[in-house]
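Q: Residue numbers (this note's numbering): 0 to 435. Cβ coordinates follow ideal geometry from the N, Cα and C atoms, glycine included.
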């Protein structure tokens, strides 16, 4: 459609995903205020073009970092580079082409947030020096958001900053992680509390990877789009609601509307909306300290839920969507959001959440709250011991702006009330039951 072309500079074809049609890479610029402008390219079934982009950097060595799942599904994606030296040498044992090809070393990390640990960061550093990485070497992050987070941090530290290329393989990573300079690991039971801001050299997106995403990962990417819909309203809300509407699913795929199927053109639309949402704001706030902080909406409770369940149980974007309805609960209790506006907000969230209920048994409300009270944003609003902070909305598209990085503080008891209402067991109730 025409607005897609306006927001990204090009249109994605209707056959982008399910019909396996090759779409050559088109350029897209990721502008992070005056801090960095990162060239990006997006296409479908563009393996050869991605390999050429890596070779164009002319590295002496490629440090390819991926995770176990991606390696099992797409382990041969870079095989042409891994085998290139041998092929170029041929029978004579010498070739100018071979001498120009970089060495390729691969490191496989565990999946999900488990990879974002101090131990794995240390292992990456030791590996890099063991294989002979130099300042000419190129780090390639090949995976989802968590993999990109830890690899970005690693690249930002290696030789005080090494060349880095992102090749995202999940919907969330394609539109939400590439559109941020943040890198991170998790430490001491907290989420993303160690990290840097670092710009990659290139961002290379092959949307064909979305074909192999499991249900939870696809929903995770859509969950972050729910956040954009609530924050920005307008076409972002319309696009999200259209993607999740029963009528669209029924008419195109049959069934009750509870089965989830999403066509190629809609995925193209959602990807474009996600990139536009983040880059429009980060154009003026590269480090997400002021206006960019709005994208932390729902994350205080989300991070706590994810950690309380254990890494890899609740996909991040789904956790964010649950965190959003926690924040709308607080906003209504505080008199900031009307019951009607909260209903509209929460109905949007439940379009997704009713397709992915939280697993049982749930962790205790006390456990989730204790983790939320140690959130990495804590301190920015000068919270008292019984207060917590998050972005709050008056209604969809109407953000409560504050001088404290657009974060609002409020009683943590409101989060506890919401958790109990959502069925997170209360240890207090359990204790009373035992006494009786």
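For the putative contact between residue 351 and residue 320, defined by C-beta atoms under 8 Å, what is the C-beta separation to the nearest angstrom?
A: At roughly 6 Å, the Cβ-Cβ gap stays under 8 Å, so residue 351 and residue 320 are in contact.
Q: Near residue 172, what residues of its chain come up, given a Cβ to Cβ distance below 7 Å and the 5 sequence neighbours on each side ignored?
A: Excluding positions up to five away in sequence, the list reads 143, 144, 147.
Q: Within a Cβ cutoff of 8 Å, which residues of the same chain sit near residue 188, ignoring the five residues on either side of it in sequence?
A: 306, 370, 373, listed in sequence order.
Q: Can you tell me where the beta strand (DSSP E) with residue 393 in it begins and where it stops?
A: Segment 392-394, the beta strand (DSSP E) holding residue 393.
Q: Among 413, 277, 104, 135, which has the Cα closest to the Cα of residue 180?
A: For the residues 413, 277, 104, 135, the minimum Cα distance to residue 180 belongs to 277.
Q: In chain order, what residues of the same chain lie with their CB nearer than 6 Å to the CB of residue 310, ignoring the 5 residues before and after it?
A: These residues qualify, in order along the chain: 111, 112, 113.
Q: Excluding the 5 residues preceding and the 5 following residue 72 in the sequence, name in chain order all residues of the same chain whose CB lies nearer than 7 Å to its CB.
A: 211
Q: Count the other C-beta atoms from every protein chain shown that fall within 10 angstroms of the C-beta of residue 133, then say buried if there are 16 or more, exposed otherwise.
A: exposed
Q: If you follow the beta strand (DSSP E) that residue 313 is in, where does it begin and where does it stop?
A: Neither: residue 313 is in no beta strand (DSSP E) and is coded neither H nor E.
Q: Would residue 225 be called buried (16 or more neighbouring beta carbons within 10 Å of its own) or exposed?
A: Burial of residue 225 is indicated by the presence of at least 16 other C-beta atoms within 10 angstroms of its C-beta.
Q: Take every Cβ of the segment 284-300, pair it with every Cβ of the segment 382-400, and state whether three or more of those distances are shorter than 8 Å.
A: yes
Q: By the 10 Å Cβ neighbour count, where 16 or more other Cβ atoms means buried, how is residue 191 classified, buried or exposed?
A: A buried status is given to residue 191, since no fewer than 16 other beta-carbon atoms sit within 10 Å of its beta-carbon.
Q: What residue ranges within the segment 126-190 form continuous beta strand (DSSP E) runs of no fewer than 3 residues, ordered along the chain?
A: 137-142, 162-167, 184-186
Q: Let me confirm a value: residue 78 is counted as buried when at least 16 other C-beta atoms fall within 10 Å, else exposed. Which label applies?
A: Residue 78 comes out exposed.
Q: Express the C-alpha separation of residue 24 and residue 322 in angstroms, rounding to a whole number.
A: 36 Å
Q: How should residue 250 be labelled, buried or exposed, when 16 other C-beta atoms within 10 angstroms of its C-beta is the threshold for buried?
A: For residue 250, the predicted model reports a pLDDT of 47, less than 50, meaning its position is unreliable and no value from the coordinates is stated.
Q: Would you check if the distance between the CB atom of residue 80 and the CB atom of residue 61 is smaller than 8 Å?
A: It is a contact, given that the beta carbons lie within the stated cut-off.
Q: Do residue 149 and residue 115 come within 8 Å of each other at the CB atom, strictly closer than that value?
A: yes
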